[in-house]
Each structure stands twice: as structure tokens, then as C-alpha cells.
Amino acid sequence: MFASQLESLTELAARKPALKDICCFHTDLYRLWQTTPAFVQLNQDPTMISRRQHEGFPLISGMMLEIDRVKAAHFVGELLALMATHGQQGQNEIQRLQQSLEAGQLHLSQLLVAALDRNRQPICEKAAELEIQAALLEYCLTLTLSGALPQCRAQAQIQIFENWQQGYCPFCGGLPSIATLSGEEGKKTLHCSLCGCDWEFQRLTCIHCGNTDHETLAYFTAEGEPGYRVDICRKCCGYLKVVDNRQQQTDLLLDVADIASLPLDFLAAKEGFSRGKKENPDHAKGH
Ligand SMILES: [Zn+2]
Ligand SMILES: [Zn+2]
845 MFASQLESLT ELAARKPALK DICCFHTDLY RLWQTTPAFV QLNQDPTMIS
895 RRQHEGFPLI SGMMLEIDRV KAAHFVGELL ALMATHGQQG QNEIQRLQQS
945 LEAGQLHLSQ LLVAALDRNR QPICEKAAEL EIQAALLEYC LTLTLSGALP
995 QCRAQAQIQI FENWQQGYCP FCGGLPSIAT LSGEEGKKTL HCSLCGCDWE
1045 FQRLTCIHCG NTDHETLAYF TAEGEPGYRV DICRKCCGYL KVVDNRQQQT
1095 DLLLDVADIA SLPLDFLAAK EGFSRGKKEN PDHAKGH
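See below:
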């Protein structure tokens, strides 16, 4: 899987030169994920897990993360170095994050828990303290979780609740980055951006707000992006990119397909739609 991921990124960079930089960054990022020793473990309470699932909550929450602080700090140090080397936007801000990390003031465990729980307050506070954009800190935390959670999911060996009807991931609560449509009936499968879990979802329902009104649900396609479409909801202004496997068999792994279809994210943002920052499901349900 890892080798084919790198191969598809190289092929994508050759096919779409505008995406070359982002492909190079992700190639290095995948290598980093691959070579970093595990820094997050789950402390699992089977009773709590099964209760959470039956109540419609994702299986894990921030309080179940056991984070090895030294290893996590090492990973984030490498990640920030990568972002600096690749000349990503906000070099001064990246530097301030590096300084805070080196001074032991970043409080990574607390921030990673907040990122998983989609509790933005501690993240915004830290960002304000460091005079950086909260989105940048959130981005780093998300990339860190994305490096750790797939392994946790593989090791957890917990049966994912089959009848999951939510637009967020049944394992970690992450939002899907992309979906696929397949088969004659156009079965829709969502792909979690954080842990890589896939789950089936109703085709004509907004993943962000649950809207099923076909008057306010629509989709658009773009020239030069065959096989992809963007489902939009005019009620909550959320969107979701979709690979239509019925139109074109894209062999790309979904994480790479997400990168390949970046121009669609720009288009959607330009039209005022967002990938969504859905509230923490625990909060949304009044817990
Ligand atoms: Zn997930
Ligand atoms: Zn919606």
C-alpha cells in the first residue's frame, strides 16, 4: 500500500505539474509517517466503547488517547522541518511553532486531544499566544493525528458498528475527505481523513447537516477533472468531493485522489462552500 501510494503520487505529479509541490510534500510526509515509531496508543474500555457506538458516538475520543510525549514531539519536530523545507506558507509561523516545541511549551498531548475532539478553544488560544493562525496549528495537529490513528485503528481490532448512519467517522469522529460512488445503484462510501476508515452512507444526504431535501442538495463537476464531482448542500454550505467509480475507474488510493482533486476544493471554496468543521459529536448531542 505504501509503495503504491508513493507511485501514484509520482505519477500524479507528472500528470498535473501544478500539483507537483504538494505531491512532493506528501511523498515525504508518507515516508515520515511510515518510519515514525508509534506515539499514540488507545486505552480501551470495552464497555465504554460499545456504549458509545450504540449511542451514535465515534468509538474513540480524546480521553482514550495515550500519547508518548517525547515521541510525539519528535514527530512534530520532523513534520515542521518538512513544512519548512518544502517552503509551505507561513515560514515565520512555522519557526515560532518550532521554537515553542523546542522550549517544551507546545503542550502537544493536550492539543492533540483537542484536535481529535474538535475542541477548537485550546488550539485557538495557543495559536493566539504564538501569534500564528489557528488554521496552521490545526493543520499540523491533523497531520500528526493522521500519522498515528490508522495504526491505532489497525491495532484496536474492534468491530466497527455496522449500521453507522453518521457523516463522521465511526472510529475516530473525523470528517470524510472524499467519497466514492460505485455499483449500479451508486453506493456511496465515505473515507475518513484521519484514520482511513471507510463506511457506507446514504447517497442523498448531506454529511455535514443531515439534509435530505433534494431542492437544496446538488453537485457540480469541473472540466479537466473527469470522474470527480462535488456534492454541495445549500442549507449548511458544506461540500464533499466524490470519486464516481461508475464513470471512470480511478485506480488512485483515496488519499491520493483527495490530493489529485485539490482544484475542486479551490472551486468549492470560491463558491462559498466549506469542507466543514462539524462540531464534536459529543457536544452536538448535548454531552
Ligand atoms: Zn476516522
Ligand atoms: Zn448540509
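In my numbering, the protein residues as written are 845 to 1131. We treat Cβ as the ideally placed atom computed from N, Cα and C, and that holds for glycine.
* Is it right to say K1032 is buried, meaning 16 or more other beta carbons lie within 10 angstroms of its own, or is it exposed? -> Buried.
* Asked: Candidates H951, A992, G1018 and A1023: which alpha carbon is nearest Y874's?
  -> A992
* Near ligand 1, which residues have their beta-carbon less than 5 angstroms from any of its heavy atoms, given in chain order? -> In chain order, the hits are C1013, F1015, C1016, G1018, C1036, L1038, C1039 and C1041.
* Roughly how many angstroms separate the alpha carbons of E1133 and E1029, rounded to a whole number? -> No answer is possible for residue 1133: it lies beyond the span of the chain, which begins at 845 and ends at 1131.
* Using the C-alpha atoms, what's the distance from A862 back to S944? -> 33 angstroms
* Beta-ladder partner(s) of G1082, from DSSP -> S1118
* Asked: Which ranges does the alpha helix (DSSP H) cover as unbroken runs of at least 4 residues, wholly within the stretch 861-939, from first to last along the chain?
  -> 864-879, 890-898 and 913-929
* Asked: Cβ-heavy atom distance between G906 and ligand 2 below 8 angstroms?
  -> no
* **Complete beta strand (DSSP E) runs within the stretch 984-1033 (minimum length 3 residues, chain order)** => 1020-1026
* **Meets three-Cβ-pair contact criterion under 8 angstroms: the stretch 899-910 and the stretch 935-950** => No, they do not touch.
* Asked: By Cβ distance below 8 angstroms, which residues in the same chain neighbour G1130 in space, the five residues on each side in sequence not counted?
  -> Its pLDDT being 39, under 50, G1130 is placed unreliably by the model, and the measurement read from it follows with that caveat. Nothing listed; no residue qualifies.
* Three or more C-beta pairs closer than 8 angstroms, one from the stretch 1099-1112 and one from the stretch 1056-1072: is that the case here? -> yes
* Given G1040 as reference, the closest of T1065, V1086 and L1097 once Cα atoms are compared -> L1097
* May I ask you to check if the CB of H1058 is nearer than 8 angstroms to at least one heavy atom of ligand 2? => Not so, every heavy atom of ligand 2 lies at least 8 angstroms from the Cβ.
* In the structure shown, what three-state DSSP assignment does I1051 receive? -> coil
* Just the C-alpha distance for T1049 and Q949, rounded to the nearest angstrom, thanks. => One Cα belongs to T1049, the other to Q949, and the distance between them is close to 43 angstroms.
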